[in-house]
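Asks: Please find one structure pasted underneath; my questions will follow.
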Amino acid sequence: MRRVSKRSRTRDLRRWALPAGALTLVCGVLAGCSGDDGGVPELIWYTNPDSGGQAKVAENCSTDEYRVTTQVLPQDAGQQRIQLARRLAAEDPAIDLMSLDPPFTAEFANAGFLADIPQDVQERIKTQSFDGATTAATWEDELVAFPFWSNTQVLWYRKSFVEKAGIDMDKPVTWDQIITAASENGGKIGVQANKYEGYVVWINALISGAGGDIVSDAEKGADLSIDVESPAGDKAAAVIAELAGSKAAPSDLSVSNEGTAGSTFGSDAGSFLVNWTYIFHNYDDSAPEVAKDIGYTMYPQTVEGEDARPPYGGIGIGVSEYSTHKELALKAAECLVSPENQGVNAELTGNMPASAKGYEYPALADIYPADLLTLFQDSVDAAAPRSVTPYWSDISSALQSTWHPPSSVNGDTPASSSTFIEQVIDGGKLL
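Under this note's numbering, think of the first position of the sequence shown as 152, with each following residue one higher.
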């Protein structure tokens, strides 16, 4: 465990603020400044790209009192963060609502970018939502975003492959077991190991599955503890090193992401895949023979006999502190995350609800087998959210720098990465 020393320096997102007097220019040059449309206020919701779920939900929540419209952010989560942060730092009123990746919620809240959610609304949303969804949307004991969808990863497998390999998928399996089975039977394992956030999601799940954390005492700000150098960190590094050095590693391991891992799984060498909930219907049109061959079970254990901690992903909806129609935006946000609208979004996008009630949306039972819907919920309950800290972007980038490529990971990686993360947060090193 490494305690990061406290430094007297400004670390919030206002370092992107524009010069004085530039705010008028911002709203003048950027399309879609929040305004009125024939007397009805327009609430602009900046969304992550999807297949139409958020647009449909926006339509559902538009009323005679206000109209919700959407603007789509870049595909890359890091670019989404940068675009929103720069504009919010300039107090741009063009953003009313925003879809936030959980790792960036604390950063935005700490910078003062998110409007306060009334206590009665907080209580309703907490009662409605999964515990993991609430945790990911909480900063300094306050709910600062509205949990919208909660994604998780499961272990997908090709039924024909596991039959050939003779591995029993009705019991919990470990990373070592699936790597061995794939290596000995000509299979390739799909993971996310490019130099991006998805790789850190894998690292976090492995460390959490070994009983550890990347960060503890996050509420202490710059005095947080970096815990990567630990027995759990060593076990996580051992899994990555084992896969990278095995015959089960795909040739594109160091640049693999959700899409390329899915392609590996759909190939003749497909065996196992860790990926998000959308995979179940990913091959329906393009490779129906693969779709019929898909099995699923809980995420692999890092350590045999210790419960797996699958990745947690999702989206929360934040209301901008600088919205011209802040009260209406707060009202709209509660509508957007209603269980019914979570179900609508899940039906259209495959991104599962952030509430148990959302899973009761009738269409989902027609789209997914009952045992898979149960697995999704059990996996969300068991999931390990990434550390909720304003410093997550720096921590994630430092992990990417020191754990990539996967073939470089060894027994020294946890210690060297802990040192580098500490230096980055303390201001002694640049990313």
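From the three backbone atoms N, C-alpha and C, an ideal C-beta is built for every residue, glycine too.
The structure displayed is predicted, hence computed values, not measured ones.
Any idea if S334 is buried or exposed, counting beta-carbon neighbours within 10 angstroms, 16 or more meaning buried?
Replies: As a working note, residue 334 is residue 183 in the sequence shown. Classification of S334: buried, given that the 10 Å Cβ count is 16 or more.
Asks: In whole angstroms, what separates the C-alpha of A566 from that of V366?
Replies: Along the sequence shown, one-based indexing puts residue 566 at 415. Along the sequence shown, one-based indexing puts residue 366 at 215. Cα to Cα, the separation comes out at about 14 Å.
Asks: Measuring straight from C-alpha to C-alpha, what distance separates A521 and W300?
Replies: Against the sequence shown, residue 521 aligns to sequence position 370. Against the sequence shown, residue 300 aligns to sequence position 149. Computed Cα separation, rounded: 19 Å.
Asks: Rounded to whole angstroms, how far is the Cβ of S280 from the Cβ of N199, which I believe are closer than 8 Å?
Replies: Here residue 280 is taken as the residue at index 129 of the sequence shown, counted from 1. Here residue 199 is taken as the residue at index 48 of the sequence shown, counted from 1. No, S280 and N199 are not in contact; Cβ-Cβ is about 19 Å, not under 8 Å.
Asks: Consider the Cβ of G509: report whether some Cβ of chain D lies at a distance smaller than 9 Å.
Replies: No chain D is part of this structure, which consists of one protein chain only.
Asks: Checking the sheet assignment: what are the DSSP bridge partners for N302?
Replies: Taking the sequence shown and counting its residues from 1, one reaches residue 302 at position 151. Answer is G464.
Asks: Measuring only the C-alpha atoms, how far is E455 from T415?
Replies: Your numbering for residue 455 matches position 304 in the sequence shown. Your numbering for residue 415 matches position 264 in the sequence shown. Distance between the alpha carbons of E455 and T415: 26 Å.
Asks: Does the region 281–296 come within contact of the region 254–267, defined as at least 3 CB pairs closer than 8 Å?
Replies: Yes, they touch.
Asks: Taking all protein chains shown into account, do 16 or more other C-beta atoms lie within 10 angstroms of the C-beta of T525, making it buried, or fewer, making it exposed?
Replies: As a working mapping, residue 525 is identified with position 374 in the sequence shown. So T525 counts as exposed.
Asks: I546 to R237, Cα distance in whole Å?
Replies: If you number the sequence shown from 1, residue 546 lands on position 395. If you number the sequence shown from 1, residue 237 lands on position 86. Roughly 20 Å between the two C-alpha positions.
Asks: Of all the options V272, F259, G203, R218, which has the alpha carbon lying nearest to the alpha carbon of H476?
Replies: Taking the sequence shown and counting its residues from 1, one reaches residue 476 at position 325. Looking at the Cα atoms, R218 is the closest of the given residues.
Asks: Between the C-alpha atoms of K315 and V305, what's the straight-line distance to the nearest angstrom?
Replies: Against the sequence shown, residue 315 aligns to sequence position 164. Against the sequence shown, residue 305 aligns to sequence position 154. Cα to Cα, K315 sits roughly 21 Å from V305.
Asks: Determine the contact status of V470 and I268, defining contact as a CB-CB distance below 9 Å.
Replies: For the purposes of this step, residue 470 is taken as residue 319 along the sequence shown, with counting starting at 1. For the purposes of this step, residue 268 is taken as residue 117 along the sequence shown, with counting starting at 1. Their beta carbons are under 9 Å apart, which means V470 touches I268 by this criterion.
Asks: For the beta strand (DSSP E) that contains G651, what are its first and last residues?
Replies: This structure leaves residue 651 out entirely; the chain is present only between 152 and 582.
Asks: At the level of alpha carbons, what is the spacing between N211 and W326?
Replies: Counted from its first residue, the sequence shown places residue 211 at position 60. Counted from its first residue, the sequence shown places residue 326 at position 175. Roughly 43 Å between the two C-alpha positions.
Asks: P192 lies in the beta strand (DSSP E); which residues open and close that run?
Replies: To locate residue 192, count along the sequence shown from 1; it is residue 41. Unbroken beta strand (DSSP E) run through P192: 191–198.
Asks: If I measure Cβ to Cβ from K580 and keep anything under 7 Å in the same chain, skipping five residues before and after, which residues do I get?
Replies: The residue you call residue 580 lines up with position 429 of the sequence shown. Within the same chain, K580 has close Cβ partners F571, Q574.
Asks: If you compare alpha carbons, which of A480, G578, S548 is closest to P244?
Replies: Taking the sequence shown and counting its residues from 1, the one referred to as residue 244 is at position 93. The candidate whose alpha carbon is nearest that of P244 is A480.
Asks: Measure the alpha-carbon distance for Y463 versus T278 and round it to whole angstroms.
Replies: On the sequence shown, residue 463 is found 312 positions in, with the first residue counted as 1. On the sequence shown, residue 278 is found 127 positions in, with the first residue counted as 1. Cα-Cα distance, rounded: 19 Å.
Asks: In three-state DSSP terms, what is V379?
Replies: Locating residue 379 in the sequence shown gives position 228, where the first residue counts as 1. Reduced to three states, the DSSP call for V379 is coil.
Asks: Name the residue from A260, W353, Y350, G417 whose alpha carbon lies nearest to the alpha carbon of E370.
Replies: Your numbering for residue 370 matches position 219 in the sequence shown. The option with the nearest alpha carbon to E370 is A260.
Asks: If S568 sits next to L550, beta carbons under 8 Å apart, how far is it from one beta carbon to the other, in whole angstroms?
Replies: What you label residue 568 is simply residue 417 of the sequence shown in a count that begins at 1. What you label residue 550 is simply residue 399 of the sequence shown in a count that begins at 1. 6 Å between Cβ atoms; contact.
Asks: I need the DSSP call for L526, collapsed to helix, strand or coil.
Replies: Along the sequence shown, read from residue 1 onward, the residue named residue 526 stands at position 375. It is helical.
Asks: Take the Cβ of E216 as the centre, count every other Cβ of all protein chains shown within 10 Å, and call the residue buried at 16 or more, exposed below.
Replies: Against the sequence shown, residue 216 aligns to sequence position 65. Exposed: under 16 other Cβ atoms inside 10 Å.
Asks: Tell me which residues share the same chain as V390 and place their Cβ nearer than 7 Å to its Cβ, disregarding the 5 neighbours each side in the sequence.
Replies: Mapped onto the sequence shown, residue 390 falls at position 239. Closer than 7 Å at the Cβ level, and outside the excluded window around V390, lie W326, L357, T453.
Asks: Report the partner residues of Y445 according to the DSSP bridge assignment.
Replies: By 1-based counting over the sequence shown, the position of residue 445 is 294. A small correction: the amino acid at residue 445 is Ile; Tyr does not occupy that position in the sequence shown. I445 pairs with R309.
Asks: In the DSSP assignment, the beta strand (DSSP E) including T428 goes from what residue to what residue?
Replies: Within the sequence shown, numbered from 1, the residue matching residue 428 stands at position 277. Note, T428: premise wrong, no beta strand (DSSP E); not H, not E.
Asks: Compare the C-alpha of G263 against each of G465, Y510, P541 and name the closest.
Replies: Mapped onto the sequence shown, residue 263 falls at position 112. The shortest Cα separation from G263 among G465, Y510, P541 belongs to P541.
Asks: Taking the DSSP output, what are the residues bridged to T325?
Replies: Position 174 of the sequence shown, counted from the first residue, corresponds to residue 325. T325 is bridged to Q452.
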